[in-house]
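Residue numbers (this note's numbering): 187 to 361.
Laid out in structure tokens, this is it:
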């Protein structure tokens with residue numbers, strides 16, 4: 187076999203391996219969540235995946251919703267900022283704590299999980315998108331978020347989906 191033919195074979199094998207890796211990795215992240223759950227994967231210095239039971243508490247007083255997905259020490263919270271009610275469509279994600287300057291609709295995300303028995307890792311959103319599809323007393327959607335460690339400079343990409351998460355409106359006890 188000539189040198190050129192070997193080069194073609196090498197390129198085809200490399201492209202095939204890259205395509206397999208990309209499809210394997212992206213199909214896992216885009217798998218739909220079971221009803222009432224949030225399924226997420228994260229990549230960066232740390233990698234992982236989890237499926238958590240979820241609920242969304244809607245506060246009509248300050249027009250915010252908090253999607254909480256927690257099990258043990260692992261949790262994801264998505265705060266959704268709205269004009270009036272939960273709206274269908276994209277919500278740009280920003281750092282938590284800037285809600286006073288955030289154009290509505292918008293969102294912020296925080297995440298934590300135990301790396302081992304002595305360390306709890308925490309990350310907050312820097313940018314990204316939360317897509318909502320509310321219907322009746324349920325909400326479905328996706329998220330793709332860039333996160334940064336609350337201490338240190340590590341970053342992650344968080345991708346996930348939530349399906350038929352129950353929405354509870356509560357005027358009493360709103361933050």
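For every residue, glycine included, the Cβ atom is placed at its ideal position computed from N, Cα and C.
With contacts defined as CB atoms closer than 8 Å, residue 318 and residue 228 fail to qualify as a contacting pair.
Every unbroken stretch of the beta strand (DSSP E) spanning 3 or more residues and falling wholly within the segment 261–299 is given here in chain order: 275–280. Of the residues assessed, residue 297 falls on the buried side of the cut-off, its CB having 16 or more other CB atoms within 10 angstroms.
Around the Cβ of residue 238, a 10 Å sphere holds 16 or more other Cβ atoms; the residue is buried. Selection 259, 311, 292 and 249 evaluated against residue 303 yields 259 as nearest (Cα-Cα). Apart from sequence neighbours up to five positions away, the residues of its chain that approach residue 279 with a beta-carbon distance below 7 Å are 293, 294, 295, 311, 313, 314, 315, 316 and 331, ordered along the chain. Just measuring C-alpha positions, the residue of 348, 306 and 360 sitting nearest residue 337 is 306. Burial is judged here by how many other beta carbons sit within 10 angstroms of a residue's own beta carbon; residue 268 has at least 16 and is buried. Inter-residue distance for residue 276 and residue 291 is about 8 Å (C-alpha atoms, whole angstroms).
For residue 219, the secondary structure class from DSSP, reduced to helix, strand or coil, is coil. DSSP places residue 245 in the strand class (E or B) of the three-state scheme.
A direct Cα-Cα distance of roughly 15 Å separates residue 288 from residue 270. With distances taken between CA atoms, residue 235 lies nearest to 226 out of 226, 335 and 301. The beta carbons of residue 218 and residue 347 sit closer together than 8 Å.
Relative to residue 281, the option among 274, 272 and 266 whose CA is nearest is 266. Counting C-beta atoms within 10 angstroms of its own C-beta, residue 322 has fewer than 16 neighbours from the protein chains shown and is therefore classed as exposed. A direct Cα-to-Cα measurement between residue 334 and residue 300 gives close to 16 Å. The residue among 350, 341 and 257 with its C-alpha nearest the C-alpha of residue 231 is 341. Bounds of the beta strand (DSSP E) holding residue 314 are 305–321.
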